[in-house]
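Inspection log for the structure reproduced underneath, given as structure tokens.
In my numbering, the protein residues as written are 6 to 222.
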């Protein structure tokens with residue numbers, strides 16, 4: 006009874022703008038706006054709202070002097086959910102058969118999980134693809150999903166190239182295969198040595214999956 010009295014009171018009130026909710030009972034309720042969430046409808050007034058089951062509302066009329074046709078309640082359009090960087094890393098790792106801990110560690114070292122990261126050398130995105138590398142892999146480096154997928158695919162190819170030797174594959178990802186081939190091991194670049202050690206340590210600490218084997222020095 007309290008709810009019915011509240012509805013009648015709101016219906017009797019006059020206000021400018023907004024719309025009228027046409028209830029299944031035949032009553033009309035003036036509201037500022039409405040939203041539909043699944044099987045529930047929210048009728049907003051001021052800073053609050055009244056929530057009702059969808060079948061209890063027949064539709065809505067514009068608040069004007071000319072009677073208008075009742076328009077049916079329209080469900081809210083759900084925006085697609087954007088995957089997190091970690092989810093992109095895990096999905097690509099599963100796709101290419103690599104440990105999730107490895108892919109996450111590479112992404113952390115490359116971009117710090119930042120989608121808009123651009124290096125001084127022009128590497129782009131989460132796994133820092135160079136434009137030419139992205140082009141060779143057929144990926145748009147500015148699209149996070151394509152960037153991560155291509156980066157993990159490239160890492161998998163490097164691991165295969167170096168017989169699944171993790172250190173050489175990581176060094177090639179950082180300094181390029183030519184540098185690794187020249188020294189037949191991790192090139193003597195401080196940045197590359199620190200990069201490889203950082204990721205190797207992170208993967209071993211995670212203990213989520215076996216790390217690819219590393220050749221003996």
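In this text, a Cβ means the ideal position worked out from N, Cα and C, and glycines have one as well.
- Residue 133 sits buried, since 16 or more C-beta atoms from the chains shown fall within 10 Å of its C-beta.
- Within the DSSP bridge table, the entry for residue 50 names 53 as partners.
- Rounded to whole angstroms, the separation of the alpha carbons of residue 108 and residue 143 is 20 Å.
- If you ignore the 5 residues before and after residue 54, its C-beta comes within less than 7 Å of the C-beta of 47 and 48, all in its own chain and listed in chain order.
- Where residue 183 is concerned, there is no enclosing beta strand (DSSP E), although the alpha helix (DSSP H) around it starts and stops at 182-188.
- Bridge pairing for residue 114: absent [DSSP].
- Cβ-Cβ distances below 7 Å link residue 211 to 106 in the same chain, with the five nearest sequence neighbours on each side left out; the list follows chain order.
- Here residue 106 carries a helix assignment [DSSP, helix/strand/coil].
- In its chain, beyond the 5 residues on either side, 106, 107, 110 and 216 have a beta carbon closer than 6 Å to the beta carbon of residue 208.
- By the Cβ-count criterion, residue 87 is exposed, with fewer than 16 other Cβ atoms from all chains shown falling within 10 Å of its own Cβ.
- In this structure, residue 62 keeps its C-beta atom at 8 Å or more from the C-beta atom of residue 50.
- With a cutoff of 8 Å on beta-carbon distance, residue 60 and residue 29 are scored as near each other.
- Exposed is the label assigned to residue 189, since fewer than 16 other Cβ atoms lie within 10 Å of its Cβ.
- Within the DSSP secondary-structure output, residue 39 pairs in a beta bridge with 48.
- The beta carbon of residue 179 sits closer than 6 Å to the beta carbons of 197 and 200 from its chain, once the five residues preceding and following it are set aside; these are given in chain order.
- Comparing alpha-carbon positions, the option among 139, 129 and 68 lying closest to residue 23 turns out to be 68.
- Judged by DSSP secondary structure, residue 202 falls within the alpha helix (DSSP H) whose first and last residues are 195-211.
- Around the beta carbon of residue 99, fewer than 16 other beta carbons lie within 10 angstroms, which makes this residue exposed.
- Nearest Cα to residue 122 within the set 38, 147 and 31: 147.
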